[in-house]
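For the sequence shown, our numbering begins at -14 and goes up steadily by one.
Report on the structure given below.
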Amino acid sequence: MKIKTSIQGYPRIGEQREWKRNLESFWKGEKTEAEFEQEMKDIRLERLKQLQKAGLDYIPVGDFSYYDHMLDTAVMFDIIPARFADSQPGSALDTYFSMARGTKGAGACEMTKWFNTNYHYIVPEIEEGWVPKVAHNKPLADYLEAKESLGIEGKPVLVGPYTFLKLSKGFPEAEFSRYLDILLSLYAKVISELTEAGASVIQIDEPALVQAETEAEFHLAKQAYENLANLVPDASLLLQTYFESVDHVKTLLQFPVKGIGLDLVHGKERNLQQLRQEQIPAGKVIALGVVDGRNVWKTDLEAQKHLLQQLEPGFAEAEEVWIQSSCSLLHSPVSLKQEVNLPAELKSGLAFAEEKLEELQLLKNNYANTVDSSWEDHQSSLKKFRETYQKLEKNEEVRMAMRPVPFSERQSVQEKKWRLPLLPTTTIGSFPQTQEMRQARTAFRKGSLSTLHYERMVKDKIADWVRIQEEIGLDVLVHGEFERNDMVEFFGEKLDGFAVTRNGWVQSYGSRCVKPPIIYTDVTFAEPMTVKETAYAQTLTKKPVKGMLTGPVTILNWSFERTDVPKQTTAFQIAQALQEEVKALEEAGIEMIQIDEPALREGLPLKQEDHCYYLDWAVNSFRASAEKVKDTTQIHTHMCYSEFHDIIDSISAMDADVISIETSRSHGELIEVFENNVYDKGIGLGVYDIHSPRIPEAEEMQEIITKSLGVLPAKLFWVNPDCGLKTRTEEETVAALKNMQAAAEQARNAL
Ligand code: GLN
Ligand code: ZN
């Protein structure tokens, strides 16, 4: 068996996020275009050198991007919405960034999540007036650069036509096939130029195939690849899938391509089951994702070696077997080198992108016989990690959680307790995080600002904003979340069982990176996390102050989770820890508590058939966090999106007394959902968009309220912005909230 190593892509951001800094300083106008491009080139080549040094057999080129690979592909095919062409006399680079970030005359293209990751791509808009052409063969430029500068025979990486079109919008859906054909002719040009330039294999990513659950969809994709093969008969394509299993591996093996790539980490069982029944056709390449590309754990190489050995009989005729990461390493933090503060036993169980490259090399070199002593080192440090942390101490059964008294009965006791006016006004939690506050937090963390001083600053901010909220006249106040850097990392730092890294950044969108905490052992409550600030705020006002927590599902989905423990077990553990926080808040007199779950929906599995199971445990975990409160305690939750029609029953099953959701950008659709479904609990439809600096007029918001009252009973309806306000300025926030309060009061009077 001829084993080769490969990866589908590598982080762009650089070891110290130099990529991010370069982008941001260019956007600020601190760099010329030439300086910016030169710096990007340096980063790109540095990264390639590293891959070369790691000994990879197939080095990806073309996956590097200035913003996003979907945007790169759209621009490559000149898919540029007219609003940018018209308003932009500037350079191609200006247009590119305008599409990503918007410009004065033209709003940015939509951005959305890349499958079930936390990476966001720019949604291509294929307009009627689009003139299909290859404007610039970027993969070719990258391929040639790697060859000429470093002598690397790279493996160009493309987003495949099926996936690209599936993720695009703007064209009539009924014409999918026609647009696919048009795209194929463009892909053919890009691919033939690459082939002529010497590319011996081209990776073509089709992650959307894991969601092609019907034979018909699969057939459409197969047809496309047959057409492509006719257009470029000499090209050698490696069709890559990832993030889940493919439903029809047998059919995939019949696609007229050089090789196929399967994920053997995510969707492992289903992919394996099918693969075991197949014989790889003679001369084909089979690429297997055996190292997790989107989590932080060391690979059990011994186990993966056995897996490969078991599969080997089916590979007898294969030309090559590639071992690789399960998906692009774009979704992994860059390097463990910086992590000097992690406990040694924990660190011995981790592998970031750089270390994953070493794992692939080790597996290749020691497949037949163990020749490297580092193989033993690798396995024994993994063993040490497992011995220290693997055993769950608190492995109690996940059980059904439920408040003992149903909402219908809680409602009346809560009405009596809270005595709120109709259409009560509130906010979602955070108030503007000023530069000053952020700098203070950094200084506090570095030790150059004392705890006393820092906490004094937080308290002052809280006091300012309690006063502002009272002046505006809001009915339910919040403390403002000034002490939090991030809604998940904050809890990760305080709960036991989590580790926070120094430099474990992963690109989320554009230059924005996130640093997910790592859940490495039992999650338990250590000490109250939010009580001090919330209770302080409550001492300053007679109005209720709403406590503010992040929910168990969101904490799990935005962390690196354990893979040897079922997700629902971890979620339930987090829920139990939060339950103690809820209790501590209640004891401190905070009896209205919001538990945010903005990431509940995005955790939905890629395959439809897995949705039910996920929703069941996710909803149950949420309920577990609030299960033990008094009947009079009012539990709120918040989600930042409005696509609810398909999961409305689950949202209802969360059993929150009040839910607040995003609606300002799509309230029409959402109101329809409530018209057609019975949602009988309190609901706050966000009446204005906090993502925009625009100050909405009271009349606008009043109109939304009036419309909503057409489908929702007044006594269930709350008035609030559609998300937290931390990214807005103080002036914008005060002005918008004043208008919101006026709108609510006018609507109240009109009732
Ligand atoms: N309470 C959080 C805030 O206001 C909610 C953030 C979110 O929904 N993403 O910032
Ligand atoms: Zn939100």
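Each residue gets a CB set at the ideal place from its N, CA and C atoms; glycine is no exception.
This structure is a prediction, so every number in the text was calculated from the model and none was measured.
CB of residue i within 8 Å of CB of residue j, strictly
{"i": "V175", "j": "N122", "result": "yes"}
{"i": "E474", "j": "S415", "result": "no"}
{"i": "D707", "j": "Y673", "result": "yes"}
{"i": "I668", "j": "I644", "result": "yes"}
{"i": "F62", "j": "P117", "result": "yes"}
{"i": "L345", "j": "Q309", "result": "yes"}
{"i": "L194", "j": "A206", "result": "yes"}
{"i": "L222", "j": "I271", "result": "no"}
{"i": "S153", "j": "P218", "result": "no"}
{"i": "P513", "j": "A569", "result": "yes"}
{"i": "A520", "j": "K479", "result": "no"}
{"i": "Q553", "j": "W602", "result": "yes"}
{"i": "D549", "j": "Q731", "result": "no"}
{"i": "S162", "j": "A220", "result": "no"}
{"i": "L135", "j": "Q37", "result": "yes"}
{"i": "Q225", "j": "Q492", "result": "no"}
{"i": "I265", "j": "F300", "result": "yes"}
Given residue i as reference, the closest of the options once Cα atoms are compared
{"i": "E688", "options": "N724, P318, I668 and D665", "result": "N724"}
{"i": "R32", "options": "E20, S50 and A19", "result": "S50"}
{"i": "A(-11)", "options": "I28, A197 and L273", "result": "Correcting the residue identity first, residue -11 is Lys in this sequence and not Ala. Checked all of I28, A197 and L273; the closest Cα to K(-11) is L273."}
{"i": "T714", "options": "M422, I187 and L694", "result": "M422"}
{"i": "G334", "options": "A70, V217, A484 and K235", "result": "A484"}
{"i": "F659", "options": "D642, D640, S677 and D634", "result": "D634"}
{"i": "R0", "options": "E324, P66, I(-8) and K431", "result": "Note on residue identity: the sequence assigns Glu, not Arg, to residue 0. Nearest option by C-alpha distance: E324."}
{"i": "G145", "options": "P513, Q399 and H54", "result": "H54"}
{"i": "V60", "options": "R395, L168 and E455", "result": "L168"}
{"i": "V119", "options": "T148, F21 and L171", "result": "L171"}
{"i": "N326", "options": "L459, T486, N470 and D642", "result": "T486"}
{"i": "S313", "options": "H623, H233, K517 and E339", "result": "E339"}
{"i": "Y494", "options": "L407, Q35 and C94", "result": "C94"}
{"i": "E304", "options": "K243, D357 and S317", "result": "K243"}
{"i": "E133", "options": "A182, E178, N103 and S320", "result": "A182"}
{"i": "E211", "options": "E198, L238 and H233", "result": "L238"}
{"i": "D277", "options": "Q558, G252 and Q294", "result": "G252"}
{"i": "Q454", "options": "K527, P681 and R426", "result": "K527"}
Assigned secondary structure, residue i (DSSP; H/G/I helix, E/B strand, else coil)
{"i": "S83", "result": "helix"}
{"i": "R497", "result": "strand"}
{"i": "I633", "result": "helix"}
{"i": "F483", "result": "strand"}
{"i": "P45", "result": "strand"}
{"i": "E594", "result": "helix"}
{"i": "K16", "result": "coil"}
{"i": "E113", "result": "coil"}
{"i": "Q364", "result": "helix"}
{"i": "I680", "result": "coil"}
{"i": "L169", "result": "helix"}
{"i": "G465", "result": "strand"}
{"i": "L249", "result": "coil"}
{"i": "P298", "result": "helix"}
{"i": "D640", "result": "coil"}
{"i": "P192", "result": "helix"}
{"i": "D581", "result": "strand"}
{"i": "H121", "result": "coil"}
{"i": "Y106", "result": "strand"}
{"i": "P502", "result": "coil"}
{"i": "N351", "result": "coil"}
{"i": "K517", "result": "helix"}
{"i": "I(-12)", "result": "strand"}
{"i": "V60", "result": "helix"}
{"i": "I675", "result": "coil"}
{"i": "F240", "result": "coil"}
{"i": "A737", "result": "The first residue shown for the chain is -14 and the last is 736, placing residue 737 beyond what the model contains."}
Complete alpha helix (DSSP H) runs within the region 371 to 456 (minimum length 4 residues, chain order)
392 to 403 and 420 to 431
Check whether the region 278 to 286 touches the region 357 to 370, taking contact to mean three or more Cβ pairs, one atom from each stretch, closer than 8 Å.
yes
Hey, is the region 531 to 546 in contact with the region 454 to 466, meaning 3+ C-beta pairs nearer than 8 Å?
yes
Inspect the CB distances between the region 579 to 587 and the region 534 to 551 and report whether three or more fall short of 8 Å.
yes
I want to know whether the region 435 to 444 touches the region 488 to 498 - three or more CB-CB distances under 8 Å.
no
Contact between the region 240 to 250 and the region 604 to 612: three or more CB pairs below 8 Å?
no
So within the region 271 to 337, which uninterrupted alpha helix (DSSP H) runs reach at least 4 residues, ignoring any that extend past its ends?
286 to 296 and 329 to 332
Validate contact between the region 612 to 620 and the region 397 to 404 using beta carbons, cut 8 Å, 3 pairs:
yes
Does the structure place the region 82 to 89 close enough to the region 26 to 43 that three or more beta carbon pairs sit under 8 Å?
no
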